[in-house]
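**Q**
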Ligand SMILES: Cc1ncc(COP(=O)(O)O)c(C=O)c1O
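Numbering (my numbering), first residue to last: 59 to 523.
1. What I want to know is whether the C-beta of residue 182 ends up closer than 6 Å to one or more non-hydrogen atoms of ligand 1.
2. In terms of DSSP beta bridges, what is residue 433 paired with?
3. What does the alpha-carbon distance come out to for the pair residue 260 and residue 136?
4. Check for me: the beta strand (DSSP E) holding residue 259 runs from which residue to which?
5. Could you name each continuous beta strand (DSSP E) segment of 3 residues or more that falls completely within the stretch 243-299, going from the start of the chain to the end?
6. Given the structure, does residue 416 come close to ligand 1, in the sense that its CB is under 6 Å from one of the ligand's heavy atoms?
7. Could you check where the beta strand (DSSP E) with residue 325 kicks off and where it finishes?
8. As an exercise, report each continuous beta strand (DSSP E) stretch of at least 3 residues that is fully enclosed by the stretch 375-435, in chain order.
9. When you compare the CB positions of residue 243 and residue 219, do they come within less than 7 Å of one another, or not?
10. Can you name the residues that DSSP bridges to residue 214?
11. Tell me whether residue 91 is buried or exposed, calling it buried when 16 or more other Cβ atoms sit within 10 Å of its Cβ.
12. According to the neighbour-count rule (16 or more other Cβ atoms, all chains shown, within 10 Å of its Cβ), is residue 124 buried or exposed?
13. Among residues of its own chain, excluding the 5 on either side of residue 160, which ones have a beta-carbon nearer than 7 Å to its beta-carbon?
14. Would you mind giving the Cβ-Cβ distance between residue 128 and residue 384, rounded to the nearest angstrom? I have them listed as a contact below 8 Å.
15. Among residues of its own chain, excluding the 5 on either side of residue 185, which ones have a beta-carbon nearer than 7 Å to its beta-carbon?
16. Take residue 457 and list the residues in its own chain whose beta-carbon comes closer than 6 Å to its own, dropping the five residues that flank it on each side.
17. Using 8 Å as the threshold, is the stretch 171-190 in touch with the stretch 231-245, meaning 3 or more CB pairs across them?
18. Straight-line CA distance for residue 252 to residue 466?
19. Taking DSSP as the reference, what is the three-state secondary structure of residue 522?
20. Compare the beta carbon distance of residue 323 and residue 345 with 7 Å and say whether it is the shorter of the two.
21. What whole-angstrom Cβ distance do residue 216 and residue 231 have, given they're in contact under 8 Å?
22. According to DSSP, residue 464 sits in a beta bridge with which residue or residues?
23. For ligand 1, any of its heavy atoms closer than 6 Å to the Cβ of residue 328?
24. Short check: CB of residue 181 to CB of residue 280, under 7 Å?
25. Ignoring anything shorter than 3 residues, give me the beta strand (DSSP E) runs that lie fully in the stretch 138-211, in order along the chain.
26. I want to check one thing, is the minimum distance from the CB of residue 316 to the heavy atoms of ligand 1 below 6 Å?
27. Is residue 356 helix, strand or coil when you go by DSSP?
28. Give me whichever residues DSSP pairs with residue 341 in a beta bridge.
29. Could you work out which residue in 455, 305, 497 and 398 is closest to residue 118 when comparing CA atoms only?
30. Taking the beta carbon of residue 510 as the centre, do at least 16 other beta carbons fall within 10 Å, making it buried, or is it exposed?
31. Does the beta-carbon distance from residue 422 to residue 434 come in below 7 Å?
32. Tell me the DSSP secondary structure of residue 367 in three-state form.
33. When the Cα atoms are used, what is the spatial distance from residue 73 to residue 79?
34. Cα-Cα, which of 195, 315 and 229 is closest to residue 258?
35. Classify residue 287 as buried or exposed, calling it buried when 16 or more other Cβ atoms lie within 10 Å of its own Cβ.
36. Which whole-angstrom value is the C-beta distance of residue 377 and residue 153, which I expect to be below 8 Å?
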């Protein structure tokens, strides 16, 4: 009979969970007087992160949650690169420069090789920068006409919260035009009725956050052109293409929404959404360099060079930009088209099957000509149902799915919408698993109607992007 002798008599004691740090509450409000071994600290933090839920099952976010190994490696090698130190990290700066011009070209800039643009932390910062340029240009137009610069306004449809922030932080009146059940976004008529000589610009969205649809950019541009011809009022158009900017050009190059329309002066998009880059990168590009007022540009020279910058932040990580360039090289037009076509196919399947279940009325069915790879729907008979979409969202959460349920924009506040974003990595098989769970949750809610339907203010998730 073999004799088993252990070489490590104290192996049990070296288990990470047997140490003192795991038997006491970890510090949460004060930095501890002394530290702990790195593997123990790592385990504690890693375990906390585990409780976040599974990002791949987060169908509420527009942001990427699946990355190949090369992206992980590029993020790792870029961990110490600061985007602002363009003189110290000229190679990273050059990747950013290449991305700007590639994206300007993707959006049909008439001067893609020489126009200006920059990376940002996301579409929100990009929106602030584009909005500031609109405000500065409007003031210059007023000064040229010897006009008094009164309170500026910005005309939009139902916009993401970043535009509300821009308006509040930079003292601009936000004219967010009401929508109705038949027109869930801007129309040329509503835009024309809202603009005046203090309008710094109109924002049209390619992929409205609430319903996922594209707004009719070309029709709005034509209406603004006609107004200028008739009245001389020159109102620029900015396109918030946070999602659509990396979708429409690959899938429907014939769809004219970008710099092919002379009225479009600037465009933003999130690299970390359908640009497929990791979290933390957005882009904003101006039609021509003249569209970005020179006095918004800071020249930073204390780091050894003389670099023009336009940003709200100073220090910023560079890895996301390296990954964006990698993705553009790796995928090319063909690769982006293929991947996105796959997501749209899953979205269409999901829409078809959700409609068959019965209680849902589709608002958007994932048609790539009209919007982003997503599905949004409401209840056909919300009053008669023994549950709300917030209740359904909570049931799905129990299976790990995070599906957004939210009330619509102000004058459609009674309409509760549910939305699923189909991103790279959400396969047909996962969609079928979700559909099974939706059916199971509905069965349970129909057999056991809730005593009091959950409303927006008590819902676990209220997300607009
Ligand atoms: C239309 C639109 N604009 C702006 C944003 C803000 O983008 P980010 O999260 O990149 O700051 C979003 C986010 O969902 C959006 O959908």
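In this text, a Cβ means the ideal position worked out from N, Cα and C, and glycines have one as well.
Note that this is a predicted model, so its numbers are computed, not measured.
**A** With the structure as the only source:
1. yes
2. 478
3. 37 Å
4. 257-263
5. 257-263 and 295-298
6. no
7. 322-328
8. 418-422
9. no
10. 234 and 261
11. exposed
12. exposed
13. 386
14. 6 Å
15. 220, 221, 224, 298 and 326
16. 495
17. no
18. 21 Å
19. Caution applies to residue 522, whose pLDDT of 49 falls short of 50 and renders its modelled position unreliable; the value that the coordinates give is listed next. It is coil, neither helix nor strand.
20. yes
21. The pair is not a contact, with the Cβ atoms about 17 Å apart (cut-off 8 Å).
22. 475
23. yes
24. no
25. 175-178
26. no
27. strand
28. 177 and 327
29. 455
30. exposed
31. yes
32. strand
33. 12 Å
34. 195
35. exposed
36. Their Cβ separation, rounded to whole angstroms, is 11 Å, which puts residue 377 and residue 153 out of contact at 8 Å.
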